[in-house]
Amino acid sequence: MSSEQPVASSENEERIRRFLAIASHDLQSPLRHIAMYAEILLDDLADRLDGDQLKSLQTILHKAETAQRLTKALMGFASSAPQVTATEIDLDGLVREIWADMASEVAASGATLQHDDLPTIISDAAIVRIALTNVIANALAYRSASPPVVTIEAEQNSAALTIRISDNGPGIDPTHQDKIFDAFWSRPQDGRPAGPGLGLTAAREMLRALGGGIRLERSDAGGSRFAIRLPSPRT
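Add 49 to the 1-based position in the sequence shown for the numbering used here, that's all there is to it.
#1: What do you get for L279, buried or exposed, if any count of 16 or more other CB atoms within 10 angstroms of its CB means buried?
#2: By alpha-carbon positions, which one of D173, L106 and D216 ends up nearest to V199?
#3: Is there contact here, the region 154-166 with the region 94-103, by at least three beta-carbon pairs under 8 Å?
#4: On the DSSP letters alone, give me the boundaries of the beta strand (DSSP E) that R278 sits inside.
#5: From M85 to L98, what does the alpha carbon distance come to, in whole angstroms?
#6: Given this structure, state the Cα-to-Cα distance separating D75 from T120, to the nearest angstrom.
#7: Could you check how far apart the C-beta atoms of L259 and S172 are, in whole angstroms? I think they sit under 8 Å.
#8: Taking only three categories from DSSP, how would you classify E266?
#9: I'd like to know whether the C-beta atoms of R253 and F233 end up nearer to each other than 9 Å.
#10: For S158, which beta-bridge partners are listed by DSSP?
#11: Taking the CB atoms as reference points, tell me whether L189 and E154 lie closer together than 9 Å.
#12: Suppose only complete runs of 3+ residues qualify. What are the beta strand (DSSP E) ranges in the region 196-232, listed by chain order?
#13: Less than 8 Å between C-beta atoms, sequence neighbours within five positions excluded: which residues of the same chain meet that for I147?
#14: Out of R267, H82, R81 and Q107, which one is the CA nearest neighbour of I92?
#15: What does the Cβ neighbour count give for G271, buried or exposed, with the cut at 16 atoms within 10 Å?
#16: Residues in its own chain within less than 7 Å of A135 by CB, not counting five upstream and five downstream?
#17: How long is the line joining the alpha carbons of P79 and A87, rounded to whole angstroms?
#18: Below 7 Å CB to CB, which residues in the same chain sit around R192 once its five sequence neighbours on both sides are set aside?
#19: Nearest CA to the CA of I201: which residue from R264, I212 and H111?
#20: Can you list, in chain order, the residues of its chain with a C-beta nearer than 6 Å to that of A276? Leave out the 5 residues immediately preceding and following it.
#21: Grab me the residues of S51's own chain with a C-beta within less than 8 Å of its C-beta, minus the 5 sequence neighbours each way, in chain order.
#22: Look up D141 in the DSSP assignment and say whether it is helix, strand or coil.
#23: Smallest Cα separation from I221: which of A72, P197 and R236?
#24: Using alpha carbons as the reference points, say which of H225, D227, T224 and D166 lies closest to A16.
#25: Please name the residue in K112, A70 and A95 whose C-alpha comes closest to that of H82.
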């Protein structure tokens with residue numbers, strides 16, 4: 050029994066890497082063209098657009114470029130050679146940007162975001178974005194009858210920064226809590242199609258490339274809380 054476990058785990062990890070490699074590769078070309086045409090339109094039409102139109106076009110370009118960076122990060126992970134690029138990240142601004150990206154989900158659910166001033170950190174922006182996006186998206190998707198409330202806090206010490214994301218959802222069934230990081234597994238939810246089941250798996254594996262991690266700290270009838278750990282940069 051024990052001798053079969055590593056083989057199954059290895060095969061599952063290889064499936065994840067193949068899936069991410071194919072998906073990320075196939076997305077690169079359309080994303081590159083979206084960004085290219087948005088840039089051409091900005092160059093050609095900027096002086097003929099009103100403020101809202103110009104802002105919309107700039108947003109398209111920004112989102113396409115962000116998606117390109119994310120798919121490149123996923124391709125690096127899929128090739129077993131993740132390229133970690135440490136930069137200064139305004140965590141407060143990143144959280145607000147992710148929340149804005151989810152405007153349709155926020156509006157549909159009546160969700161609110163709560164957080165104190167979050168610090169500026171040094172880490173890989175693409176990986177941190179992927180991890181935060183997946184946890185926040187789950188909080189909006191797996192919600193109770195009450196409008197979702199997502200609370201984000203950060204705690205820094207000499208060894209690591211811990212980002213905690215809490216929600217007021219129904220919690221995760223105890224029988225499912227040990228499966229949430231398994232590839233291709235999705236929490237059952239009445240009336241909603243199952244997702245691909247790769248978000249938390251990819252977040253965990255990519256955070257490991259940073260020397261960090263993610264775990265479920267608690268989950269009960271009052272909601273769930275995830276903790277993302279990022280190592281403090283060496284000085």
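Ideal Cβ placement from N, Cα and C applies to all residues, glycine included.
Quick caveat, the model's predicted, so the values are computed rather than measured.
Concretely, from the data shown:
#1: Reading the sequence shown from its first residue, position 230 is the one you call residue 279. Looking at its Cβ environment, which holds 16 or more other Cβ atoms inside 10 Å, L279 is buried.
#2: Counted from its first residue, the sequence shown places residue 199 at position 150. Residue D216 is the option with its Cα nearest to V199.
#3: Contact fails: fewer than three Cβ-Cβ distances are below 8 Å.
#4: Within the sequence shown, residue 278 is the residue found at index 229, counting from 1. According to the DSSP assignment, R278 belongs to the beta strand (DSSP E) that extends over G272 to P280.
#5: Residue numbering aside, residue 85 sits at position 36 when the sequence shown is read from its first letter. Residue numbering aside, residue 98 sits at position 49 when the sequence shown is read from its first letter. Cα-Cα distance, rounded: 18 Å.
#6: For the purposes of this step, residue 75 is taken as residue 26 along the sequence shown, with counting starting at 1. For the purposes of this step, residue 120 is taken as residue 71 along the sequence shown, with counting starting at 1. Rounded to whole angstroms, D75 and T120 show a C-alpha spacing of 10 Å.
#7: To locate residue 259, count along the sequence shown from 1; it is residue 210. To locate residue 172, count along the sequence shown from 1; it is residue 123. Contact flag correct, Cβ pair sits at about 6 Å.
#8: Here residue 266 refers to the residue found at position 217 when the sequence shown is read from its first residue. E266 falls in the strand class under three-state DSSP.
#9: Reading the sequence shown from its first residue, position 204 is the one you call residue 253. Reading the sequence shown from its first residue, position 184 is the one you call residue 233. No, the Cβ-Cβ distance between R253 and F233 is not below 9 Å.
#10: By 1-based counting over the sequence shown, the position of residue 158 is 109. Looking at the DSSP assignment, S158 forms no beta bridge with any residue, so it has no partner.
#11: Taking the first residue of the sequence shown as 1, we reach residue 189 at position 140. Taking the first residue of the sequence shown as 1, we reach residue 154 at position 105. By the CB criterion at 9 Å, L189 and E154 fall inside the cutoff.
#12: Entirely contained in the region 196-232, the beta strand (DSSP E) runs reaching 3 residues are, in chain order, 198-205 and 209-215.
#13: For the purposes of this step, residue 147 is taken as the residue at position 98 of the sequence shown. In chain order, R178, L181, T182 and I185 place their CB closer than 8 Å to the CB of I147, counting only its own chain and leaving out the 5 sequence neighbours on each side.
#14: On the sequence shown, position 43 is the one that residue 92 refers to. Inspection of the sequence shows that residue 92 is occupied by Asp rather than by Ile. That would be Q107, whose Cα lies nearest to the Cα of D92.
#15: Residue mapping note: residue 271 aligns to position 222 of the sequence shown, counting from 1. Exposed, because fewer than 16 other Cβ atoms sit within 10 Å of the Cβ of G271.
#16: As a position in the sequence shown, residue 135 is number 86, starting the count at 1. Close CB contacts of A135 within its chain, under the 7 Å cut and outside five residues either way in sequence, are with I171, S172, D173 and P282 (chain order).
#17: Here the question's residue 79 lines up with position 30 in the sequence shown. Here the question's residue 87 lines up with position 38 in the sequence shown. So the two alpha carbons sit approximately 12 Å from each other.
#18: Residue numbering aside, residue 192 sits at position 143 when the sequence shown is read from its first letter. Around R192: S158 and G218.
#19: Locating residue 201 in the sequence shown gives position 152, counting from the first residue. Looking at the Cα atoms, I212 is the closest of the given residues.
#20: Counting from 1 along the sequence shown, the entry for residue 276 is found at position 227. Cβ neighbours of A276 beyond the five flanking positions: T211, R213, R264 and E266.
#21: Along the sequence shown, one-based indexing puts residue 51 at 2. For S51, the predicted model reports a pLDDT of 40, less than 50, meaning its position is unreliable and no value from the coordinates is stated.
#22: Sequence index remark: in the sequence shown, residue 141 carries index 92 (1-based). In the structure shown, the three-state DSSP call for D141 is helix.
#23: Taking the sequence shown and counting its residues from 1, the one referred to as residue 221 is at position 172. Taking the Cα of I221 as reference, the smallest distance to any Cα among A72, P197 and R236 is reached at R236.
#24: Absent from the structure is residue 16, since the part of the chain shown begins at 50 and ends at 284.
#25: Start at 1 with the first residue of the sequence shown, and residue 82 comes out as number 33. Scanning K112, A70 and A95 for the CA closest to the CA of H82 turns up K112.
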